[in-house]
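Undergrad:
There are 2 protein chains.
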Amino acid sequence: MRVIKAALLGFGTVGQGVYEAVRTHREQLKEKLHAEVEIAAVLIKNPRKKRNIDSSVLVTTDFREVLAIPGLEVVFEAIIGEEPGFSYCLQAIEKGCHVITANKVMFARYGNVLLEKAKEKGVFVGYEATTAGGIPVIRTISQQLQVNDIQRVQAILNGTSNFVLSAMREKHLPFEEALEIARQHGYAEADPGNDVKGQDAFCKLMILSRLVFGTQPDWEKVEVEGIGGLSLADIERADRQGLRYKHIADIYRDGGTLKASVKPVLVPPEHALYAVEGVNNAITIYGSLIGKITLTGPGAGKFPTASAMIEDFAAGYRPVPQLDAVS
Amino acid sequence: MRVIKAALLGFGTVGQGVYEAVRTHREQLKEKLHAEVEIAAVLIKNPRKKRNIDSSVLVTTDFREVLAIPGLEVVFEAIIGEEPGFSYCLQAIEKGCHVITANKVMFARYGNVLLEKAKEKGVFVGYEATTAGGIPVIRTISQQLQVNDIQRVQAILNGTSNFVLSAMREKHLPFEEALEIARQHGYAEADPGNDVKGQDAFCKLMILSRLVFGTQPDWEKVEVEGIGGLSLADIERADRQGLRYKHIADIYRDGGTLKASVKPVLVPPEHALYAVEGVNNAITIYGSLIGKITLTGPGAGKFPTASAMIEDFAAGYRPVPQLDAVS
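The listed protein sequences correspond, in order, to chains E and W.
Using my numbering, you'd call the opening residue of the first sequence number 49 and step up by one each time.
Using my numbering, you'd call the opening residue of the second sequence number 49 and step up by one each time.
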């Protein structure tokens with residue numbers, strides 16, 4: 049049986065999820081792709097850390113060694129931050145590899161560059177995992193809504209913020225205590241600034257913007273407000289009125305310009321995002337024919353995010369002529 | 049520009065929706081298909097009824113006239129009931145046409161026959177519109193979850209029943225009065241038996257069963273119970289306990305057999321279907337990697353259902369060699 053050689057950049061939670069999912073779903077991948085998928089290399093940062101990686105896999109800190117693997121066809125990128133993620137993805141595409149990324153910060157800024165380069169090289173870039181974890185929002189928009197005009201997207205794109213808001217309301221906790229519980233559950237980073245200040249949701253909204261509207265608004269003009277300004281009293285007052293604060297990323301076209309915001313919004317029970325609780329994410333898509341649909345599910349996590357990457361790969365993969373000469 | 053000739057079988061709510069959507073989304077279809085879509089014929093039942101159909105379109109009660117259209121490539125079937133829907137679809141496929149159907153009763157029983165015949169003839173059968181109206185559940189399962197093992201599907205598949213349950217709880221109405229409001233809103237048929245007795249949801253569940261598990265359970269062994277047995281007192285008692293009755297279609301594999309049921313289920317607030325209200329439908333899909341995702345949206349209606357048919361068509365269409373000789 050043919051072997052598809054893949055490399056994994058980063059071996060954090062998501063990287064490990066992909067590594068394990070490829071092993072546990074070997075048969076399903078075979079059935080779909082008529083090929084074995086082999087993780088041939090894992091790029092890591094700290095060579096001294098103990099990892100559960102098969103001895104047949106090249107484990108290296110040197111990206112050049114990864115790219116030098118003969119017949120490498122796919123790169124799964126699960127690194128955090130713009131660099132070196134962007135450079136690695138670009139080099140992989142240049143070399144003729146498909147790229148599947150979970151890196152929202154990088155993709156919000158450089159997605160267009162990667163997509164254009166991929167088109168030029170005849171490979172594909174999968175970025176389902178950048179936005180809303182396991183929820184297949186990217187491919188729902190790009191594949192299931194090709195005729196509908198999408199007019200607006202409203203979404204809860206950060207599970208940490210949503211968890212904190214739920215915990216504040218349900219357990220009557222002030223912000224800091226609710227955040228501490230999120231930390232204890234592993235739902236918040238040691239430094240949760242990107243999550244609770246709205247930057248994480250902002251990146252995902254910009255990725256959706258490019259997909260839906262073909263462009264992004266001026267980043268400086270997008271109103272971004274986190275949940276830190278909400279007091280327990282605010283949330284309890286809303287609750288008594290039957291309302292809830294949700295941290296909503298919103299984008300729509302207003303005349304010739306895109307209006308985008310990421311901020312706490314007070315919503316009534318009939319709002320599609322009112323009932324989205326805990327670490328879930330949800331995306332409401334408004335289309336010209338379909339009306340309004342909402343996708344809800346895990347916005348992060350080892351296997352949901354790995355699911356997005358593996359499904360992206362399985363749906364988009366096709367053998368490509370290797371362009372080794374280019375690198 | 050190339051023209052794709054299509055025929056429309058049935059000109060009820062859904063048929064009219066498709067007819068209008070093809071006109072209002074002409075540009076989007078052109079962009080996607082690089083072709084004009086022309087509704088060349090509409091098959092009707094009552095020739096005396098006044099209809100808003102362009103005079104250039106063949107309007108006929110004779111299906112043979114439809115099939116005889118030179119170069120016909122696509123048939124949109126929006127008739128109710130097993131026959132003549134099934135025979136027409138089968139003949140269209142035999143002739144080498146793609147078929148897009150919204151006919152759940154027919155497709156629950158004969159879907160396999162049509163899919164196999166279509167494979168043999170090199171055409172495709174789109175059936176997104178048979179299940180959950182505008183919600184792209186069929187293609188989410190078939191295209192976005194190709195690696196995940198789907199373990200279970202739980203769904204609200206009948207908007208009428210869901211509306212009635214919501215109205216009973218919110219407005220403290222007995223079943224018959226809530227149903228009357230559904231009728232006034234156009235959410236219930238004059239004879240709503242198929243909806244409130246669970247048969248409609250059953251058909252959709254059987255369609256999902258074939259898609260997810262490759263087979264259907266013995267129809268006779270599926271527990272099907274409508275919402276008619278629920279009293280206002282039942283619903284109010286549940287409400288006081290913070291619970292809600294939802295009419296849930298459920299299917300999962302239990303060892304070697306499929307367990308399926310369609311019945312009212314008492315669910316707590318943390319259940320994914322608890323907050324689905326009014327005429328909405330929702331489907332929760334449990335996958336081996338993704339965990340649990342829920343799709344919520346309009347389960348019926350002119351344009352949502354037309355959306356499902358048109359999107360199916362746009363995504364699946366490819367020019368086929370006409371096999372006129374076969375008919």
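Beta carbons: idealized from backbone N, C-alpha and C, even for Gly.
Alpha carbons only, please: which of W:155, W:255, W:91 and W:113 is nearest the one belonging to residue 130 (chain W)?
TA: For the purposes of this step, residue 130 (chain W) is taken as residue 82 along the second sequence, with counting starting at 1. Of W:155, W:255, W:91 and W:113, the residue nearest in Cα terms is W:155.
Undergrad: Please report the Cβ distance between residue 343 (chain W) and residue 341 (chain E), rounded to the nearest whole angstrom; I am assuming they are in contact, meaning their Cβ atoms lie under 8 Å.
TA: Position 295 of the second sequence, counting from 1, holds the residue named residue 343 (chain W). Position 293 of the first sequence, counting from 1, holds the residue named residue 341 (chain E). With 8 Å as the limit, residue 343 (chain W) and residue 341 (chain E) qualify as a contact, their Cβ atoms being about 7 Å apart.
Undergrad: Report, in whole angstroms, the separation of the C-beta atoms of residue 243 (chain W) and residue 279 (chain W), which I expect to be a contact under 8 Å.
TA: If you number the second sequence from 1, residue 243 (chain W) lands on position 195. If you number the second sequence from 1, residue 279 (chain W) lands on position 231. With a Cβ gap of about 19 Å, residue 243 (chain W) and residue 279 (chain W) do not count as contacting.
Undergrad: Can you pull the chain E residues whose beta carbon is under 8 Å from the beta carbon of residue 340 (chain W), in chain order?
TA: Translated into the one-based positions of the second sequence, residue 340 (chain W) becomes position 292. Correct list: 345 and 346.
Undergrad: Per DSSP, which one or two residues make a beta bridge with residue 202 (chain W)?
TA: Mapped onto the second sequence, residue 202 (chain W) falls at position 154. The partner list for residue 202 (chain W) (beta bridge, DSSP) reads W:298 and W:332.
Undergrad: For residue 304 (chain W), which three-state DSSP category applies?
TA: The residue given as residue 304 (chain W) occupies position 256 in the second sequence. Coil.
Undergrad: Would you please state the rounded distance, in angstroms, between the beta carbons of residue 202 (chain E) and residue 296 (chain E)? I believe it to be under 8 Å.
TA: What you label residue 202 (chain E) is simply residue 154 of the first sequence in a count that begins at 1. What you label residue 296 (chain E) is simply residue 248 of the first sequence in a count that begins at 1. At roughly 6 Å, the Cβ-Cβ gap stays under 8 Å, so residue 202 (chain E) and residue 296 (chain E) are in contact.
Undergrad: Would you say residue 245 (chain W) lies against chain E (beta-carbon separation less than 8 Å)?
TA: As a first step, residue 245 (chain W) is located in the second sequence; it is residue number 197 there, counting from the start. No, residue 245 (chain W) lies away from the interface with chain E (no Cβ there is under 8 Å from its Cβ).
Undergrad: Among the candidates E:261, E:80, E:96 and E:147, whose CA atom is the shortest distance from the CA of residue 55 (chain E)?
TA: Taking the first residue of the first sequence as position 1, residue 55 (chain E) is located at position 7. Of the listed residues, the one whose Cα sits closest to residue 55 (chain E) is E:147.
Undergrad: Determine, for residue 211 (chain E), whether the minimum Cβ-Cβ distance to residues of chain W falls below 8 Å.
TA: In the first sequence, the residue the question calls residue 211 (chain E) occupies position 163. No, residue 211 (chain E) lies away from the interface with chain W (no Cβ there is under 8 Å from its Cβ).
Undergrad: Just to confirm, are residue 259 (chain E) and residue 190 (chain E) a CB contact at a threshold of 8 Å?
TA: Locating residue 259 (chain E) in the first sequence gives position 211, counting from the first residue. Locating residue 190 (chain E) in the first sequence gives position 142, counting from the first residue. Yes, the pair counts as a contact, with Cβ atoms nearer than the cut-off.
Undergrad: Determine, for residue 435 (chain E), whether the minimum Cβ-Cβ distance to residues of chain W falls below 8 Å.
TA: Look at the range of chain E in this structure, 49 to 375, and you will see that residue 435 (chain E) is not part of it.
Undergrad: Could you check where the alpha helix (DSSP H) with residue 386 (chain W) kicks off and where it finishes?
TA: Summary: the structure shown does not reach residue 386 (chain W), with chain W confined to residues 49 through 375, and so no result is reported for it.
Undergrad: Restricting to Cα atoms, I'd like to know which of E:212, E:240, E:252 and E:184 is closest to residue 264 (chain E).
TA: Your numbering for residue 264 (chain E) matches position 216 in the first sequence. Nearest option by C-alpha distance: E:252.
Undergrad: Where does residue 339 (chain W) fall in DSSP's three states?
TA: If you number the second sequence from 1, residue 339 (chain W) lands on position 291. Residue state, collapsed to three classes: strand.
Undergrad: Give the interface partners of residue 188 (chain E) over in chain W, defined as CB-CB distance under 8 Å, in chain order.
TA: Translated into positions along the first sequence, residue 188 (chain E) becomes position 140. Neighbours of residue 188 (chain E) on chain W, chain order: 184, 188 and 192.
Undergrad: Tell me whether the beta-carbon of residue 345 (chain E) lies closer than 8 Å to the beta-carbon of residue 183 (chain E).
TA: Mapped onto the first sequence, residue 345 (chain E) falls at position 297. Mapped onto the first sequence, residue 183 (chain E) falls at position 135. Yes, Cβ-Cβ distance for residue 345 (chain E) and residue 183 (chain E) is below 8 Å.
Undergrad: Near residue 306 (chain E), what residues of its chain come up, given a Cβ to Cβ distance below 8 Å and the 5 sequence neighbours on each side ignored?
TA: Start at 1 with the first residue of the first sequence, and residue 306 (chain E) comes out as number 258. So the qualifying residues of the chain are 257, 261, 263, 264, 265, 299 and 300.
Undergrad: Checking contacts by CB at 8 Å: is residue 375 (chain E) closer than that to chain W?
TA: Position 327 of the first sequence, counted from the first residue, corresponds to residue 375 (chain E). Only weak support exists for where residue 375 (chain E) lies, its pLDDT of 41 falling under 50; the value from the coordinates is given anyway. Judged by the 8 Å Cβ criterion, residue 375 (chain E) is not in contact with chain W.
Undergrad: For residue 69 (chain W), I'd like the list of residues in its chain whose CB is within less than 6 Å of its CB, leaving aside the five on either flank, ordered along the chain.
TA: Mapped onto the second sequence, residue 69 (chain W) falls at position 21. Counting only Cβ-Cβ distances below 6 Å, and skipping sequence neighbours, we find 354 and 358.
Undergrad: Assuming residue 145 (chain E) and residue 161 (chain E) form a contact by the criterion Cβ under 8 Å, report the distance between their Cβ atoms to the nearest whole angstrom.
TA: Counting from one through the first sequence, the residue named residue 145 (chain E) turns up at place 97. Counting from one through the first sequence, the residue named residue 161 (chain E) turns up at place 113. Residue 145 (chain E) to residue 161 (chain E), Cβ: 16 Å. No contact.
Undergrad: At least one CB of chain E closer than 8 Å to the CB of residue 335 (chain W): is that the case?
TA: The count along the second sequence starts at 1 and reaches residue 335 (chain W) at position 287. Interface residue, yes.
Undergrad: Which chain E residues sit within Cβ distance under 7 Å of residue 86 (chain W)?
TA: In the second sequence, counting from the first residue as 1, residue 86 (chain W) sits at position 38. Neighbours of residue 86 (chain W) on chain E: none; closest Cβ ~16 Å, over 7 Å.
Undergrad: Going along the chain, which residues of the segment 223–242 of chain E sit with their C-beta nearer than 9 Å to a C-beta in chain W?
TA: If the cut-off is 9 Å between Cβ atoms, the segment 223–242 of chain E has nothing near chain W.
Undergrad: Could you confirm whether any beta carbon from chain W is found closer than 8 Å to the beta carbon of residue 352 (chain E)?
TA: The residue given as residue 352 (chain E) occupies position 304 in the first sequence. Interface residue, yes.
Undergrad: How long is the line joining the alpha carbons of residue 310 (chain E) and residue 282 (chain E), rounded to whole angstroms?
TA: Here residue 310 (chain E) refers to the residue found at position 262 when the first sequence is read from its first residue. Here residue 282 (chain E) refers to the residue found at position 234 when the first sequence is read from its first residue. Those two C-alpha atoms are separated by around 18 Å.
Undergrad: So which of E:150, E:149, E:59 and E:74 has the shortest CA-CA distance to residue 98 (chain E)?
TA: By 1-based counting over the first sequence, the position of residue 98 (chain E) is 50. If we check each option's Cα against that of residue 98 (chain E), E:59 comes out closest.
Undergrad: Would you say residue 220 (chain W) faces chain E, with C-beta separation under 8 Å as the test?
TA: Indexing the second sequence from 1 puts residue 220 (chain W) at position 172. Taking Cβ atoms only, chain E never reaches closer than 8 Å to residue 220 (chain W), which makes this a no.
Undergrad: If you draw a straight line from the C-alpha of residue 321 (chain W) to the C-alpha of residue 313 (chain W), how long is it?
TA: Here residue 321 (chain W) refers to the residue found at position 273 when the second sequence is read from its first residue. Here residue 313 (chain W) refers to the residue found at position 265 when the second sequence is read from its first residue. Going from the Cα of residue 321 (chain W) to the Cα of residue 313 (chain W) covers about 10 Å.
Undergrad: Checking the sheet assignment: what are the DSSP bridge partners for residue 179 (chain W)?
TA: The residue you call residue 179 (chain W) lines up with position 131 of the second sequence. According to DSSP, residue 179 (chain W) bridges with nothing at all.
Undergrad: Where does the unbroken alpha helix (DSSP H) through residue 361 (chain E) begin, and where does it stop?
TA: For the purposes of this step, residue 361 (chain E) is identified with residue 313 of the first sequence, where counting begins at 1. Residues 350–364.
Undergrad: If the cut is a Cβ gap below 8 Å, which residues of chain E does residue 358 (chain W) touch?
TA: Taking the first residue of the second sequence as position 1, residue 358 (chain W) is located at position 310. Correct list: 195 and 337.
Undergrad: Here's the rule: buried if 16 or more other CB atoms are within 10 angstroms of the residue's CB, otherwise exposed. What is residue 112 (chain E)?
TA: Start at 1 with the first residue of the first sequence, and residue 112 (chain E) comes out as number 64. So residue 112 (chain E) ends up on the exposed side.
Undergrad: Can you tell me whether DSSP reads residue 275 (chain E) as helix, strand or coil?
TA: Position 227 of the first sequence holds residue 275 (chain E). Correct three-state label for residue 275 (chain E): coil.
Undergrad: With 7 Å as the limit, tell me which residues of the segment 56–87 of chain W have their beta carbon closer than that to any beta carbon of chain E; keep them in chain order.
TA: Listed by position, the residues of the segment 56–87 of chain W near chain E (Cβ gap below 7 Å) are 69, 73, 76, 77 and 80.
Undergrad: For a minimum of 4 consecutive residues, which ranges assigned as the alpha helix (DSSP H) are wholly contained in the segment 209–269 of chain W?
TA: Those alpha helix (DSSP H) runs which fall completely within the segment 209–269 of chain W and span 4+ residues are 223–232, 241–244 and 247–261.
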